[in-house]
Amino acid sequence: MKTLFEKIIDKELPAAIVYEDEHCIAFKDINPGAPTHVLLVPRKPIPKLTDASVEDQALLGHLMVTAGKLAKQLGVGEAFRVAINNGAGAGQSVFHLHLHILGGRPLKWPPG
Ligand code: DGP
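Laid out in structure tokens, this is it:
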């Protein structure tokens, strides 16, 4: 059974895609929490960060580097947040690993 994000990756569901490469895809969050709110999703359906293994190290590094590049491209490179919710108790609702990239407004710390 495909995850929601696999369906977006496979273009079975529409999304406002802002970036794609061989390893990952980025699209606008349907329920944005900031003027810029993009989800960066690996094509590999790792359910959550704690399911990643040593063999995913290069992929995770690629996601981080790509997040920084994307933030710049989206015009929030000077001040943005990258967040990963791991587990329902931390607010994860889609169990396909994704990085939230948030910016375009003052971001408080710590988040709620
Ligand atoms: P999380 O709660 O960390 O699992 O984040 C999941 C995010 O996915 C949440 O901010 C809303 C977003 N989302 C859920 N369904 C869709 C969808 O169908 N399309 C898009 N673009 N985003 C979605």
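If you count the sequence shown from 1, you need to add 4 to reach this note's numbering.
Note that beta-carbon positions come from the ideal geometry of N, C-alpha and C, so glycine has one too.
Source: prediction; values computed, not measured.
Going by other Cβ atoms of all chains shown within 10 Å of its Cβ, with 16 needed for buried, is residue i buried or exposed?
i	result
A71	buried
V42	buried
A20	exposed
L67	buried
H27	exposed
P46	buried
F106	Going by the sequence as given, residue 106 is Leu instead of Phe. Answer is buried; the Cβ neighbour count reaches 16.
State the start and end residues of the unbroken beta strand (DSSP E) segment that holds residue i.
i	result
F84	F84 to A87
P110	Run containing P110: none; DSSP gives neither H nor E here.
V45	T40 to P46
What is the DSSP secondary structure of residue i, reduced to helix, strand or coil?
i	result
K15	coil
E24	strand
T54	helix
L8	helix
Residue i lies in the alpha helix (DSSP H); which residues open and close that run?
i	result
H3	Nothing in the structure corresponds to residue 3, since the chain is present only between 5 and 116.
Assuming contact is defined by CB atoms lying nearer than 8 Å, are residue i and residue j in contact in what I supplied?
i	j	result
V87	H104	Reading off the sequence, residue 87 comes out as Ala, not Val. Cβ atoms of A87 and H104: closer than 8 Å.
V80	T40	yes
I34	I13	no
Indicate whether at least one CB of chain D lies closer than 8 Å to the CB of residue i.
i	result
K15	Here chain D cannot be found, since the structure has a single protein chain.
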